[in-house]
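K.L.:
Questions regarding the structure given below will be posed in turn.
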Amino acid sequence: MFGLGTTNSMTMDKPHPDSLLDTGVQGVIGKPLDRVDGPLKVTGTATYAAEYEFANMAFGVLVGTKISSGKVVSIDVDAVKSIPGVIDVVTDFDRFIRVAAQGGATDAPTQGVKDIAFFGQIVAIVLAESFEVARDAAARLPIEYQASEGQYDFAAHRDETRKPADDATQAHFAQGDVDKAMDDAPVTIDATYVTPSQNSAAMEPHASIAVWDEDGSLALYGAYQMPTSDAQQLAKSLGVSEKKVRIIARYIGGGFGSKLGIAPESVAAAIAAKQLGRPVKAVMSRPQVFEATVRRSNTEQHIRLAAGADGKLTAIGHETLVSNQSTEDYFEPAGIGTHMLYGGENRMITHDIVDVNLVVSGSMRAPGEAVGMMALESAMDELAEKLGIDPIELRRINDVTIDPEKDVPFTSRNLTRALDEGAAKFGWDKRQKAGTRREGEWLIGTGVAAAVRGNMMQESSAKVEIHPDGSATVSSAMTDIGTGSYTILAQIASEILGIPVANITMALGDTNDPPAAGSGGSWGATSSGTAVYLACEMLRGKLAKAMGVDEDNLTLKDGTAIGDNRSTPIGELVGKGLEATGHIKPGKQEKDHTQASFGAHFAEVAVNAVTGEVRVRRMLGSFAAGRVLNAKTARSQCLGGMTFGIGAALTEDLIHDLRTGKLVNHDLAEYHVPSNADIPQMEVHFVDERDIHANPIHAKGIGELGISGAGAAVANAVYNATGIRVREFPITLDKLL
Ligand code: MOS
Numbered sequence: 004m005f006g007l008g009t010t011n012s013m014t015m016d017k018p019h020p021d022s023l024l025d026t027g028v029q030g031v032i033g034k035p036l037d038r039v040d041g042p043l044k045v046t047g048t049a050t051y052a053a054e055y056e057f058a059n060m061a062f063g064v065l066v067g068t069k070i071s072s073g074k075v076v077s078i079d080v081d082a083v084k085s086i087p088g089v090i091d092v093v094t095d096f097d098r099f100i101r102v103a104a105q106g107g108a109t110d111a112p113t114q115g116v117k118d119i120a121f122f123g124q125i126v127a128i129v130l131a132e133s134f135e136v137a138r139d140a141a142a143r144l145p146i147e148y149q150a151s152e153g154q155y156d157f158a159a160h161r162d163e164t165r166k167p168a169d170d171a172t173q174a175h176f177a178q179g180d181v182d183k184a185m186d187d188a189p190v191t192i193d194a195t196y197v198t199p200s201q202n203s204a205a206m207e208p209h210a211s212i213a214v215w216d217e218d219g220s221l222a223l224y225g226a227y228q229m230p231t232s233d234a235q236q237l238a239k240s241l242g243v244s245e246k247k248v249r250i251i252a253r254y255i256g257g258g259f260g261s262k263l264g265i266a267p268e269s270v271a272a273a274i275a276a277k278q279l280g281r282p283v284k285a286v287m288s289r290p291q292v293f294e295a296t297v298r299r300s301n302t303e304q305h306i307r308l309a310a311g312a313d314g315k316l317t318a319i320g321h322e323t324l325v326s327n328q329s330t331e332d333y334f335e336p337a338g339i340g341t342h343m344l345y346g347g348e349n350r351m352i353t354h355d356i357v358d359v360n361l362v363v364s365g366s367m368r369a370p371g372e373a374v375g376m377m378a379l380e381s382a383m384d385e386l387a388e389k390l391g392i393d394p395i396e397l398r399r400i401n402d403v404t405i406d407p408e409k410d411v412p413f414t415s416r417n418l419t420r421a422l423d424e425g426a427a428k429f430g431w432d433k434r435q436k437a438g439t440r441r442e443g444e445w446l447i448g449t450g451v452a453a454a455v456r457g458n459m460m461q462e463s464s465a466k467v468e469i470h471p472d473g474s475a476t477v478s479s480a481m482t483d484i485g486t487g488s489y490t491i492l493a494q495i496a497s498e499i500l501g502i503p504v505a506n507i508t509m510a511l512g513d514t515n516d517p518p519a520a521g522s523g524g525s526w527g528a529t530s531s532g533t534a535v536y537l538a539c540e541m542l543r544g545k546l547a548k549a550m551g552v553d554e555d556n557l558t559l560k561d562g563t564a565i566g567d568n569r570s571t572p573i574g575e576l577v578g579k580g581l582e583a584t585g586h587i588k589p590g591k592q593e594k595d596h597t598q599a600s601f602g603a604h605f606a607e608v609a610v611n612a613v614t615g616e617v618r619v620r621r622m623l624g625s626f627a628a629g630r631v632l633n634a635k636t637a638r639s640q641c642l643g644g645m646t647f648g649i650g651a652a653l654t655e656d657l658i659h660d661l662r663t664g665k666l667v668n669h670d671l672a673e674y675h676v677p678s679n680a681d682i683p684q685m686e687v688h689f690v691d692e693r694d695i696h697a698n699p700i701h702a703k704g705i706g707e708l709g710i711s712g713a714g715a716a717v718a719n720a721v722y723n724a725t726g727i728r729v730r731e732f733p734i735t736l737d738k739l740l
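Residue numbers for the sequence shown follow the numbering used here, beginning at 4 and rising by one.
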């Protein structure tokens, strides 16, 4: 309305030293605000995907294969169709896609019997008037198979590897001569660490309700992290135009990677709903979530470290074997943090895939660093012990200011500060030599590990509207998967626009709103936060113009615009309403720098000398991730990550039966994520940091930083307590006796 256009688009090509978040006077940014969606969640009124109600809705229950390798010969649909209440069985199973690593749909369907690549592969959806009838019929559905020999034992096939096809992700990297450096160095570590398969274990199972409109467009109420790209995938799987698919994902009960891409339930629900001409709901059972979405691959990581007597690294080797199905190129990038964490001239980082007929591998909770740091940071602890150098000092010695491989600076990097500030708070100076501290039958030890997690920006947009009553609305296809997006995005808008958070309505998780990269890879807060920032920056300019003051003289606070000794309610400046859309995409800054968040984990454990039981007694995480947008939600993110670190170190272990490929522990009763009783006193410390190169809000990703390195700190504490180095995770008590 003021002739300024409505889109503020920016490519991150140069540093952005001045942030409106520093000049805002609302005083809300960084504050530990309660989640704005909290009341809805604790009162049970936030609507999750499976909770929408539609007239004439049919209930779908998915059916998975009972063998791990072979072919489906026939599915006897007629055998269950006569059950009262059963509507139909859809067996167009070729399109019940497997979830490719980053969620890519498999190619166009072929006719006839399809190969079975893993146990539990979805081949049918049974539709009934009630969930109970559908479940009963699904259990009875006769399927005839022709079984063939599958490959289920990673260890037995570990020498039959293939290189990942796409090397954009640095699957294979070499610099200098690691072998020679190992020969020449006075002190070396050469050890192999093994991590098991893991499951994301989000509390909410994958769930979809598909509703087709008469005009051939689909609305899918789903539980997905990245609705914009998920809608594209879904459209591709269904063979319809992207414009015809809308995903609504207002509330999501955790994702942890398992909901980055679409899963079979959405495709099945959509196909069935189309065929029936009725809305269809499909909710995966817990075992189906385990079997037919994604796992984190198991890893075997060969670490070699060469150092001088002064502790300075001369070589790092990090060679990783992972597993996946033969049609998949995704590999767990365990060495990804190793590229940038420490110096050392000679470097070798590789990843190779062993083909298996097991649950497909994909991204889960800090893919790469979470398990890669378990190995690297255990090895660093071993090196410190061998050198007789304090583990923190060893890391300080090998800290760098320039990326050791790309020869570019970091956008910001405060590893040593995170270590030092954390050590002071934790009381690291009271640490004793390995195996020397005992309280009754408990052996006590402390451990440290560094944390690193790459920081990414992803193209995202958001719309902000100011209404005549002075309230505002923020809308975007961004999601809140339980992490606090609703709250921090409202805080950013509030800080810049001077509108109280209580007067800002948040509308996330709908692809009808401006596209966004969604929640994944710890990019959500900074990418969508920047989009909101840019929209608000433009609105601020429009408000200044409407008021007739220079932008530099404009103060926005508590719903009032103040400038040139005048003040006006903001709502009175917007006419019928003002709106702006912010749009950010990564640019040159990404190429000219390496971007990552850094940190340090400290753990104190007690190991029972009689039973081998490990109890984490306390843990402290110290994190340098740029500006903290909300001290409470940021802390909660870190606590969650540290908890997963304890799980990775001590309890989580997704086990396949090596004879049949079947998952042994496909539910939360037998797949052990830590429960409250396993979690001790935890403290989170944030290093004061701003990143002017990463984005205008000066923040970096934090969601996955908390897990990266956390497991190694626990393992290193177990070593300090017992003198026993366990290199095969999880550290169960049998390995300590
Ligand atoms: Mo994350 S594994 O990118 O949700």
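Just so it is clear, CB atoms sit at the ideal spot from N, CA and C, and this is done for glycine as well.
So LEU241 and ILE265 are in contact, right, with Cβ under 8 Å, and what is the actual spacing, rounded?
P.N.:
Rounded, the Cβ-Cβ distance is 10 Å, inconsistent with contact.
K.L.:
At the level of alpha carbons, what is the spacing between LEU130 and TYR51?
P.N.:
21 Å
K.L.:
Could you tell me which of GLN173, SER364 and LEU736 sits nearest to GLN201, measuring between CA atoms?
P.N.:
SER364
K.L.:
Determine the closest residue to ASP139 out of LEU537, SER85 and ARG161, with distance taken between C-alpha atoms.
P.N.:
Each of LEU537, SER85 and ARG161 was checked against the Cα of ASP139, and the nearest Cα belongs to SER85.
K.L.:
For ARG416 versus PHE601, is the C-beta distance shorter than 8 Å?
P.N.:
yes
K.L.:
Does DSSP classify MET481 as helix, strand or coil?
P.N.:
coil
K.L.:
How far does the alpha helix (DSSP H) with TYR55 in it reach, from first residue to last?
P.N.:
Unbroken run through TYR55: none, as it is neither H nor E.
K.L.:
How would you label ARG543, buried or exposed, when you count the other beta carbons within 10 angstroms and need 16 or more for buried?
P.N.:
buried
K.L.:
Out of curiosity, what's the CA-to-CA distance linking ILE352 and ALA715?
P.N.:
Approximately 19 Å, taken between the alpha carbons.
K.L.:
Thinking just about the alpha-carbon of each residue, which of LYS588, MET550 and ALA188 is nearest to the one in SER530?
P.N.:
LYS588
K.L.:
So which residues put a beta carbon under 6 Å from any heavy atom of the ligand MOS, going in chain order?
P.N.:
GLN228, GLY258, PHE259, GLY260, LEU263, SER366, MET367, ARG368, PRO370, GLY523 and GLY524
K.L.:
Please list the segments of the alpha helix (DSSP H) lying wholly inside the region 404-457, counting only runs of 4 or more residues, in order along the chain.
P.N.:
418-429
K.L.:
Do VAL610 and LEU390 have their beta-carbon atoms positioned less than 8 Å apart in this structure?
P.N.:
Result no, Cβ atoms of LEU390 and VAL610 do not sit closer than 8 Å.
K.L.:
Going by DSSP, what residue range makes up the beta strand (DSSP E) through SER326?
P.N.:
316-327
K.L.:
Hey, out of VAL687, SER381 and ILE255, whose CA is closest to MET206's CA?
P.N.:
When only C-alpha atoms are compared, the closest one is ILE255.
K.L.:
Out of curiosity, what's the CA-to-CA distance linking VAL89 and VAL136?
P.N.:
7 Å
K.L.:
Please state if the CB of ALA697 and the CB of GLN598 are separated by a distance shorter than 8 Å.
P.N.:
By the CB criterion at 8 Å, GLN598 and ALA697 fall inside the cutoff.
K.L.:
Under 7 Å from any heavy atom of the ligand FMN, does the C-beta of LYS560 make it?
P.N.:
In the structure on display, the ligand FMN does not appear, and the ligands it does have are the ligand MOS.
K.L.:
Using alpha carbons as the reference points, say which of VAL66, ALA58, GLY153 and LEU546 lies closest to GLY473.
P.N.:
LEU546
K.L.:
If you scan the region 589-657 from start to end, which runs of the alpha helix (DSSP H) of 4 or more residues do you find wholly inside it?
P.N.:
591-595 and 634-649
K.L.:
Between the Cα of ASP40 and the Cα atoms of VAL721, ARG456, ALA505 and ARG693, which residue gives the shortest distance?
P.N.:
ALA505
K.L.:
Compute the distance between the beta-carbons of GLY726 and CYS641, then report whether it is under 8 Å.
P.N.:
no
K.L.:
Mind checking whether GLY524 and GLN291 have CB atoms under 8 Å apart?
P.N.:
no
K.L.:
Evaluate the contact criterion for the region 683-697 versus the region 620-638: three or more CB pairs, one atom per stretch, below 8 Å.
P.N.:
Enough Cβ pairs lie closer than 8 Å, so yes.
K.L.:
When you compare the CB positions of ALA285 and ILE128, do they come within less than 8 Å of one another, or not?
P.N.:
yes
K.L.:
Decide if the region 177-191 is in contact with the region 29-40; the criterion is three or more beta carbon pairs, one per stretch, under 8 Å apart.
P.N.:
no
K.L.:
Measuring alpha carbon to alpha carbon, tell me which of TRP215, LYS428, VAL455 and PHE121 ends up nearest TYR155.
P.N.:
PHE121
K.L.:
What's the C-alpha gap between ILE700 and ALA510?
P.N.:
21 Å
K.L.:
For ILE100 and PRO267, I'd like the C-alpha separation in whole angstroms.
P.N.:
Low confidence applies to ILE100: its pLDDT is 47, below 50, so where it sits in the model is not reliable, and the reading given next is rough at best. The alpha-carbon atoms of ILE100 and PRO267 are separated by roughly 6 Å.
K.L.:
Using only the alpha-carbon positions, how far apart do MET376 and VAL467 sit?
P.N.:
When rounded, the distance between both Cα atoms is 40 Å.
K.L.:
Can you tell which of GLY644, SER639, THR571 and ARG730 has its C-alpha closest to the C-alpha of ARG38?
P.N.:
SER639
K.L.:
Considering MET351, what are the terminal residues of the beta strand (DSSP E) in which it resides?
P.N.:
349-358
K.L.:
Can you tell me the Cα-Cα spacing of TYR536 and ILE212, whole angstroms?
P.N.:
33 Å
K.L.:
Taking the beta carbon of ALA210 as the centre, do at least 16 other beta carbons fall within 10 Å, making it buried, or is it exposed?
P.N.:
buried
K.L.:
Out of VAL721, ALA724 and GLY712, which one is the CA nearest neighbour of ARG368?
P.N.:
With distances taken between CA atoms, ARG368 lies nearest to GLY712 out of VAL721, ALA724 and GLY712.
K.L.:
Using the Cβ count rule (16 or more neighbours within 10 Å means buried), how would you classify ASP21?
P.N.:
It counts as exposed.
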